[in-house]
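Asks:
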Amino acid sequence: MKADWLFKNVTVIDGSGGPAYRADVAVTGDRITEIAPAITRPAAQAIDGEGQVLAPGFIDVHTHDDTNVIRIPEYLPKISQGITTVIVGNCGISAAGATIRHQVPDPMNLLGEKQHFVYPTVADYARAVEAARPVVNVGTLVGHTSLRNNQMDDLFRAATAQEIRAMGDELRVALRQGALGMSTGLAYASAFQATTEEVMALAEALAAEGGIYTTHLRSEFEPILDALDEAFRIGRHGKVPVVVSHHKCAGAKNWGRTTETLALFDKMRQHQEIGCDCYPYSASSSTLDLKQVTDEFDIVVTWSQPCPEEAGQTLQQIAEKWGVTLNDAARRLMPAGAIYYNMDEQDVQRVLRYPVTMVGSDGLPNDPMPHPRLWGAFPRVLGHYSRDKQLFPLTTAVHKMTGLSAARFRLPERGLVKTGYYADLVLFNPDTVRDVASFTDPQRPAEGINAVMVNGVMSYRDNHQITGRAGRFLRRQPQQS
Ligand code: ZN
Ligand code: CU
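Residue numbers (the numbering used here): 4 to 484.
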């Protein structure tokens, strides 16, 4: 049978973490149909991949692209990195299954404005993704903060038993409609008052439907070990896998402590399924938050609703100009966004190297001056950390973006270059791949990504052109026993 596409003479890095090998790879329809040393049967189109790596399309397990992939289906920031699947709904905030009655609470405002929240159920969201046909596949988590906001008149308190029951009912429906699991953002004021028991009750619904639990911990600062303990306890209670989001030790007093946190991971992984994701930078980004205001490191304001003209300056510069304290300046700027230079490079590298760490961008697509991770996270791991710093072999880097991620998030027949699997593929040059996006010029596509295929459709070429749109909504699959 004639193949639709043939990748000739490529170096296959198959996503399993195993060694690279040379082969030809054929694609027919939406599947990989043959992998062999030399394929001679005809193909409608062929690419000579001499000197290039063919890997599974990257899976960005931590995104806030919920509304953007629908509003901008030619979603260049992700496809240009070789990403073929994004998981949305992280950090407790999802557009899927959210109803906004009044104002969009912080940090749900990272996802867009009120008019962008038009998916009261996961089924509505899935339909919208399918109608928009974005360039990448989309899977969603349901946000705990979104559930709270649906059910509660006031987010700054614990939920009542009745509200927890109502959230659980909504969560169960969402999972049956295809959500992959639930995320929390317990550090944010809008979820901080939620008790561990509130989340445990919801974890029971997750367990019943086979969903996973991802969490932006209650603290990434000094109380981080307690916060990890809470996350793992919730996972054990529900017997559900736990993914710790953007794992870091934030704040100068906390630097170096990933030795302690990862030791705790080591210990608890013997008892339960645990993973984490991480973006390859030592600065974080989110909304401007008084709890994180400090003079210990630079904080750059990226947007401000009341004072848009201050964007791009440090909080220190703004405070000095105004002759006020850092806290008063922050209060005047809010609602606002910020980049916090709050991590230690050694911690970043230790977490990235850790065997169960996946790569997730945590990019913020609605920020006018976004953290460069939105456009650069994946090529930065391949180029800067794997090739240039030799933090780990390229096969490990690819595994952390593909096979490991698909297994953890239960995405069947994706994440590997394997016969019969979906043809989500990226062809890149291992010698030149690199992130170009920087903190001062953050909206720039990566170099060295030559071709990206999604569900068998060639979707991106190295001239930065989007050539097809074949992304699907990825539903949670019923558990196999
Ligand atoms: Zn987060
Ligand atoms: Cu996040």
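All C-beta atoms, glycine included, are put in the ideal place defined by N, C-alpha and C.
If you measure between the beta carbons of T163 and I96, is that distance less than 8 Å?
Replies: no
Asks: Hey, which residues come within less than 7 Å of the ligand ZN, measuring from Cβ to any heavy atom, in chain order?
Replies: Taking every residue with its beta carbon within less than 7 Å of a heavy atom belonging to the ligand ZN gives, in chain order, N93, C94, G188, H219, S248, H249, S289 and D365.
Asks: For my contact list, L385 and V436 are in at a C-beta cut-off of 8 Å; report their separation, rounded to the angstrom.
Replies: 5 Å
Asks: Per DSSP, what are the beta-bridge partners of P59 in this structure?
Replies: L428
Asks: Quick one: what's got a C-beta closer than 6 Å to R413's C-beta in the same chain, skipping five residues either side?
Replies: none
Asks: Looking at C-alpha atoms only, which residue of Q295, G363 and L291 is the closest neighbour of D109?
Replies: L291
Asks: For the candidate residues R130, L189 and G459, whose alpha-carbon lies nearest to that of R151?
Replies: L189
Asks: Across which residues does DSSP place S289 in a beta bridge pair?
Replies: A341
Asks: State buried or exposed for K242, treating a residue as buried only when at least 16 other CB atoms are found within 10 Å of its CB.
Replies: exposed
Asks: First and last residue of the beta strand (DSSP E) that includes F10?
Replies: A6 to V15
Asks: Report the three-state DSSP secondary structure of L205 (helix, strand or coil).
Replies: helix
Asks: If you run the structure through DSSP and keep just helix, strand and coil, what is A511?
Replies: Since the first residue of the chain shown is 4 and the last is 484, residue 511 is not available in this structure.
Asks: Check A23 in the structure and name its three-state DSSP category.
Replies: Coil, per DSSP.
Asks: Just tell me which of A182, I167 and E212 has its CA closest to the CA of T199.
Replies: I167
Asks: Relative to the C-alpha of R472, which residue among T317, G32 and V138 is closest?
Replies: The option with the nearest alpha carbon to R472 is V138.
Asks: Going by C-alpha distance, which of L419, P433, C281 and S248 is nearest D391?
Replies: Ranked by Cα distance from D391, the options L419, P433, C281 and S248 are led by P433.
Asks: Quick check on the DSSP output: what are the complete alpha helix (DSSP H) runs of length 4 or more inside the stretch 159-231, in order along the chain?
Replies: Positions of the alpha helix (DSSP H) runs, each at least 4 residues long and wholly inside the stretch 159-231, are given as 164-179, 192-195 and 199-212 in order along the chain.
Asks: Can G423 and S408 be called in contact, C-beta distance under 8 Å?
Replies: no
Asks: Sorry if obvious, but does the Cβ on H67 come closer than 7 Å to a heavy atom of the ligand CU?
Replies: yes
Asks: Between the Cα of A49 and those of D156, K251, V13 and F395, spot the shortest distance and give me the residue it belongs to.
Replies: V13
Asks: Excluding the 5 residues flanking C310 on each side, which residues of the same chain have their C-beta closer than 6 Å to its C-beta?
Replies: L336
Asks: Can you list, in chain order, the residues of its chain with a C-beta nearer than 7 Å to that of A255? Leave out the 5 residues immediately preceding and following it.
Replies: E299 and F300
Asks: Give the range of the alpha helix (DSSP H) segment to which W258 is assigned.
Replies: Neither: W258 is in no alpha helix (DSSP H) and is coded neither H nor E.
Asks: Are the stretch 43-59 and the stretch 350-363 touching by the rule of at least three beta carbon pairs closer than 8 Å?
Replies: no
Asks: A230 and R239: beta carbons closer than 8 Å?
Replies: no
Asks: Under three-state DSSP, which class holds Y463?
Replies: It is a strand residue.
Asks: Under the DSSP definition of a beta bridge, which residues are partnered with V30?
Replies: W8 and I35
Asks: In terms of alpha-carbon separation, which member of T264, L79, G366 and T405 lies closest to Y357?
Replies: Comparing alpha-carbon positions, the option among T264, L79, G366 and T405 lying closest to Y357 turns out to be T264.
Asks: Sort Y343, I277 and V327 by Cα distance to K294 and report the nearest one.
Replies: Y343
Asks: Where D127 and A322 are concerned, what is the direct C-alpha to C-alpha distance, given to the nearest angstrom?
Replies: 44 Å
Asks: Could you pull the start and end residues of the alpha helix (DSSP H) that N3 belongs to?
Replies: There is simply no residue 3 to check, as the chain begins at 4 and stops at 484 in what is shown.
Asks: Three-state secondary structure (DSSP) at V132?
Replies: helix
Asks: Name the DSSP bridge partner or partners of D51?
Replies: K11
Asks: Along the chain, where does the alpha helix (DSSP H) that runs through D331 open and close?
Replies: L329 to L336
Asks: Give the DSSP-derived three-state secondary structure of S248 in the structure shown.
Replies: coil
Asks: Tell me I469's beta-bridge partners as DSSP assigns them.
Replies: Y463
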